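A.B. asks: Throughout, my numbering is defined as the position within the sequence shown, counted from one, plus 10.
C-beta atoms are modelled at their ideal positions from N, C-alpha and C, and glycine is treated no differently.
Please read these numbers as outputs of a predicted model, since none were measured by experiment.
Below you'll find the structure I mean.
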Amino acid sequence: PDSTIQVDLTNCDREPIHLLGAIQPVGFLIAVSRDWFVARVSLNIQQYLGFEPESMIGNLLSDYFPAGMIHELRNRVARIGSPDTIERWFGARLREGGRPFDIAVHFSGSQIVIEAEPGHEHNGDATSTVRGLIARLDSRADLAAFYREGARQVRALLEYDRVMVYKFDADGAGEVIAESCKPGIGSFLGLHYPASDIPKQARELYKRNLIRLIRDVNSTPVEIFPSLDAHGRPLDLSLSVLRSVSPIHVEYLKNMGVQASLSISILVDGELWGMFACHHYTPRAPTFERRSICELFAQMFSMRLESRERRAMVEYERRARDISDQLLGAVASDETLLNDPDWLGDILTSTIPADGVGVWINGNYAFSGLTPPTDDFRRIVRALNGTAAGKVFATDRIGSLIDRSDHFAKEAAGLLAIPISRSPRDYVVLFRSEMRESVRWAGDPRKPVEYGPNGPRLTPRESFAEWLELVEGRSKPFTQSELRIAETLRATLIEVVLRLADEAAAQRH
Ligand code: BLA
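Printed below as a string of structure tokens:
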């Protein structure tokens with residue numbers, strides 16, 4: 011029943027993309043039972059091996075292949091460790107004197123799925139290729155250069171026209187954060203897209219099966235026969251390497267003017283952090299062996315990324331503690347600094363990026379940079395007084411805290427408030443501009459050729475417009491790490507404020 015739902019733009023997160031019952035005409039597929047009887051076969055097998063597909067069903071696989079090949083295949087299957095393993099065999103001879111094939115083997119329910127595509131003589135030294143690539147990655151000092159190097163190397167390995175590093179944010183929307191492409195095709199760097207461009211079930215699938223290929227958006231998928239088994243079930247192609255992809259996504263690529271694509275998951279701490287997304291403007295399919303090398307590279311890239319991110323966070327928090335000490339020292343020798351929002355702003359925004367700072371002390375308001383008008387600030391303070399006392403508070407949508415005047419809407423969209431006294435409630439507030447004001451709009455990267463049946467929504471420009479709508483009135487969110495820093499700064503500022511109050515009291519006596 012699942013596989014028969016009508017899919018359109020409104021429900022595509024329900025499209026069962028693993029049950030579409032077809033592969034791409036890049037190779038062929040055979041599914042056998044655990045006792046090696048042929049259960050299913052792709053209808054194009056005749057082209058590769060001359061067998062009549064329908065007549066194979068129910069026969070032993072060994073009726074079709076030499077004993078040596080069957081023996082090797084059994085060994086490979088025995089080696090499959092976990093249910094999500096895809097066993098690989100490069101440059102295999104399926105028949106005496108035949109051409110070499112690259113073969114992928116995995117379990118799908120009770121069946122063994124064998125996929126084969128033309129490969130070449132296996133030369134066996136993938137490890138040295140990957141080792142060299144990793145060494146170059148490690149030589150990149152900062153994260154931006156690391157991402158760029160990753161994109162460059164995937165492009166060197168697979169030779170697509172464009173290779174992007176696409177990173178997801180907490181809501182599943184994404185940004186092209188690095189790119190390597192051939193000259194003259196424009197740039198997607200810095201562009202954002204809504205979460206719906208890569209629906210939920212696709213993200214889940216991409217955590218299990220790390221690489222996907224679309225050789226040619228214009229090719230006709232090859233059906234797998236029979237489409238339903240005796241229990242009426244289609245073959246689960248989650249781990250297939252030749253799976254034919256969602257027609258909605260194919261339309262997206264066509265509208266983009268892209269003819270071939272490939273993407274590789276980047277997993278960090280078990281979550282889909284992002285992916286390498288590759289485009290080509292003519293049909294393209296690197297061999298399975300090449301793709302596997304690149305997948306291995308992406309896995310190494312992900313591990314390096316994980317440790318770099320962790321290190322960057324530790325380093326950031328250490329620097330923030332330094333700044334907090336610096337703040338304490340400076341105010342101790344010149345207490346008027348605390349009423350100087352420019353000075354405070356400089357110090358605070360060097361650790362927590364923001365576009366403006368407002369200071370509210372004893373009912374007086376001082377500000378620097380992008381801040382709301384006094385009336386709005388007053389209402390913000392009143393709203394803040396209603397939140398948990400003595401705690402840092404942040405929102406990426408001030409509109410959810412107070413009703414904003416129109417003027418304010420253009421001023422700041424997010425805030426982080428640091429309470430610096432208990433009563434009366436005093437605050438230092440960092441403001442962030444609306445995200446749509448701060449992104450770079452790179453224009454229409456490629457003029458759409460013509461729209462498919464689902465219209466212009468499936469184009470990069472419409473996607474970008476959709477994303478803009480989603481982030482209307484919102485700033486770049488404050489991260490967990492930034493909130494922790496703010497908490498450190500709060501403790502420091504409170505200490506300073508209390509000491510100044512004590513001193514003032516002592517002087518009065
Ligand atoms: C899949 N969408 C994808 C994939 C990417 C994107 C990379 C993985 C498949 C691949 O490797 O090509 C999205 N590609 C992008 C983005 C950029 C890019 C954002 O290059 C930016 C530069 N897509 C839509 C809408 C729907 C949709 C509106 O835009 C549904 C309503 C669906 N996208 C969709 C589906 C898949 C997908 C169903 C899964 C394809 C599959 O694996 O079968």
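Return the Cβ separation of glycine 400 and serine 378 in integer angstroms, given the expectation that the two are a contact with Cβ distance under 8 Å.
C.D. replies: By one-based count along the sequence shown, residue 400 stands at place 390. By one-based count along the sequence shown, residue 378 stands at place 368. Their Cβ separation, rounded to whole angstroms, is 25 Å, which puts glycine 400 and serine 378 out of contact at 8 Å.
A.B. asks: On the DSSP letters alone, give me the boundaries of the beta strand (DSSP E) that asparagine 374 sits inside.
C.D. replies: Looking up residue 374 in the sequence shown gives position 364. From DSSP, the beta strand (DSSP E) with asparagine 374 extends over 374-379.
A.B. asks: Just to confirm, does glutamate 185 get its C-beta within under 7 Å of one of the non-hydrogen atoms of the ligand BLA?
C.D. replies: By one-based count along the sequence shown, residue 185 stands at place 175. Not so, every heavy atom of the ligand BLA lies at least 7 Å from the Cβ.
A.B. asks: What would DSSP say about threonine 405, mapped onto helix, strand or coil?
C.D. replies: If you number the sequence shown from 1, residue 405 lands on position 395. Correct three-state label for threonine 405: strand.
A.B. asks: Is it true that the stretch 277-290 meets the stretch 165-185, where meeting means three or more beta-carbon pairs spaced less than 8 Å apart?
C.D. replies: Touching, per the Cβ criterion.
A.B. asks: Roughly how many angstroms lie between the CA atoms of leucine 30 and threonine 20, to the nearest whole one?
C.D. replies: Locating residue 30 in the sequence shown gives position 20, counting from the first residue. Locating residue 20 in the sequence shown gives position 10, counting from the first residue. For leucine 30 and threonine 20, the distance between alpha carbons rounds to 19 Å.
A.B. asks: Distance, Cα to Cα, tryptophan 353 vs serine 334?
C.D. replies: Position 343 of the sequence shown, counted from the first residue, corresponds to residue 353. Position 324 of the sequence shown, counted from the first residue, corresponds to residue 334. Computed Cα separation, rounded: 13 Å.
A.B. asks: State whether the stretch 199-209 contacts the stretch 472-480, with contact taken as three or more CB pairs (one from each stretch) at a distance under 8 Å.
C.D. replies: The stretch 199-209 vs the stretch 472-480: in contact.
A.B. asks: What number of angstroms, rounded off, separates the C-alpha of isoleucine 33 from the C-alpha of valine 115?
C.D. replies: For this step, residue 33 is matched to residue 23 along the sequence shown. For this step, residue 115 is matched to residue 105 along the sequence shown. Their backbone Cα atoms lie some 15 Å apart in a straight line.
A.B. asks: In the stretch 240-321, which residue ranges form an unbroken beta strand (DSSP E) of at least 3 residues, counting only runs that do not cross its ends?
C.D. replies: Counting whole runs of 3 or more residues, the stretch 240-321 contains the beta strand (DSSP E) stretches 270-278, 281-290.
A.B. asks: From leucine 249 to glutamate 97, what distance separates their C-alpha atoms?
C.D. replies: Here the question's residue 249 lines up with position 239 in the sequence shown. Here the question's residue 97 lines up with position 87 in the sequence shown. Their backbone Cα atoms lie some 11 Å apart in a straight line.
A.B. asks: Across which residues does DSSP place leucine 39 in a beta bridge pair?
C.D. replies: Stepping through the sequence shown from its first residue, residue 39 is reached at position 29. Answer is Glu125, bridged to leucine 39.
A.B. asks: Verify the CB distance criterion: does proline 76 have a CB-CB separation below 8 Å to chain D?
C.D. replies: Note that chain D does not occur in the displayed structure, where there is just one protein chain.
A.B. asks: Using a 10 Å radius around the Cβ and a threshold of 16 neighbouring Cβ atoms, would you call glycine 129 buried or exposed?
C.D. replies: On the sequence shown, position 119 is the one that residue 129 refers to. Buried, by the Cβ-count rule.
A.B. asks: The alpha helix (DSSP H) with glycine 142 in it runs from where to where?
C.D. replies: Counting from 1 along the sequence shown, the entry for residue 142 is found at position 132. Taken as a continuous stretch (DSSP letters only), the alpha helix (DSSP H) holding glycine 142 covers 136-148.
A.B. asks: Counting Cβ pairs closer than 8 Å, one from the stretch 63-83 and one from the stretch 136-156, do we hit at least three?
C.D. replies: They do not touch, by the three-pair rule.
A.B. asks: Is the separation between the beta-carbon of leucine 272 and that of leucine 223 shorter than 8 Å?
C.D. replies: For this step, residue 272 is matched to residue 262 along the sequence shown. For this step, residue 223 is matched to residue 213 along the sequence shown. Cβ distance < 8 Å, so leucine 272 and leucine 223 count as in contact.
A.B. asks: Look at the Cβ atom of isoleucine 560, then the Cβ atom of arginine 389, and state whether they are nearer than 8 Å.
C.D. replies: In the structure displayed, the chain extends from 11 to 519; residue 560 sits before or after that span and is not available.
A.B. asks: Which same chain residues end up closer than 8 Å to valine 507 when comparing Cβ atoms and leaving out the 5 residues on each side of it in sequence?
C.D. replies: Working through the sequence shown from its first residue, we reach residue 507 at position 497. So the qualifying residues of the chain are Leu348, Ile430, Ser431, Asp436.
A.B. asks: Between Arg213, Leu493, Ile504, which has its C-alpha nearest methionine 323's C-alpha?
C.D. replies: Residue numbering aside, residue 323 sits at position 313 when the sequence shown is read from its first letter. Closest by alpha carbon: Leu493.
A.B. asks: Pick out whichever of Leu247, Ser254, Ser443, Arg328 has its Cα sitting closest to the Cα of proline 231.
C.D. replies: In the sequence shown, counting from the first residue as 1, residue 231 sits at position 221. Cα-wise, what sits closest to proline 231 is Ser254.
A.B. asks: Just list the alpha helix (DSSP H) runs in the stretch 54-135, keeping only unbroken ones of 4 residues or longer that don't cross its boundaries, in chain order.
C.D. replies: With a minimum length of 4 residues, the continuous alpha helix (DSSP H) runs that stay inside the stretch 54-135 are 55-59, 63-66, 77-89.
A.B. asks: So is the beta-carbon of phenylalanine 298 under 7 Å away from any non-hydrogen atom of the ligand BLA?
C.D. replies: Working through the sequence shown from its first residue, we reach residue 298 at position 288. No, the ligand BLA has no heavy atom inside 7 Å of this Cβ.
A.B. asks: Using C-beta distances below 7 Å, list every residue in its chain close to phenylalanine 38, excluding the 5 sequence neighbours before and after it, in chain order.
C.D. replies: For the purposes of this step, residue 38 is taken as residue 28 along the sequence shown, with counting starting at 1. If we look at phenylalanine 38 and ignore the five residues flanking it on each side, its Cβ neighbours are Ser52, Asn54, Ile55, Tyr58, Ala126.
A.B. asks: Can you name, in chain order, every residue of its own chain whose Cβ lies under 6 Å from the Cβ of arginine 329, other than the five neighbours on each side?
C.D. replies: Position 319 of the sequence shown, counted from the start, is the residue given in the question as residue 329. Within the same chain, arginine 329 has no close Cβ partners at all.
A.B. asks: Along the chain, where does the alpha helix (DSSP H) that runs through isoleucine 390 open and close?
C.D. replies: Your numbering for residue 390 matches position 380 in the sequence shown. Its alpha helix (DSSP H) spans residues 384-395.
A.B. asks: Pair every Cβ in the stretch 437-446 with every Cβ in the stretch 228-247, then say whether three or more of these pairs are closer than 8 Å.
C.D. replies: Not touching, per the Cβ criterion.
A.B. asks: Quick one: what's got a C-beta closer than 6 Å to methionine 310's C-beta in the same chain, skipping five residues either side?
C.D. replies: Position 300 of the sequence shown, counted from the first residue, corresponds to residue 310. Here the set comprises Ile144.
A.B. asks: When the distance is taken between beta carbons, is alanine 161 closer than 8 Å to alanine 188?
C.D. replies: Here residue 188 refers to the residue found at position 178 when the sequence shown is read from its first residue. Here residue 161 refers to the residue found at position 151 when the sequence shown is read from its first residue. It is a contact, given that the beta carbons lie within the stated cut-off.
A.B. asks: Tell me whether arginine 471, by its Cβ, gets closer than 7 Å to a heavy atom of the ligand BLA.
C.D. replies: Counting from one through the sequence shown, the residue named residue 471 turns up at place 461. Every heavy atom of the ligand BLA is 7 Å or more from the Cβ of arginine 471, so no.
A.B. asks: Would you report the Cα separation of glutamine 121 and methionine 79, rounded to the nearest angstrom?
C.D. replies: The sequence position of residue 121 within the sequence shown is 111, counting from 1. The sequence position of residue 79 within the sequence shown is 69, counting from 1. Between glutamine 121 and methionine 79, the C-alpha separation is close to 19 Å.
A.B. asks: Mind checking whether the beta-carbon of valine 255 lies closer than 7 Å to any heavy atom of the ligand BLA?
C.D. replies: What you label residue 255 is simply residue 245 of the sequence shown in a count that begins at 1. Valine 255: yes, Cβ under 7 Å from the ligand BLA.
A.B. asks: Shorter than 7 Å, the distance from the beta carbon of phenylalanine 286 to the closest heavy atom of the ligand BLA, or not?
C.D. replies: The residue labelled residue 286 in the question sits at position 276 within the sequence shown. Outside the cutoff, so no.
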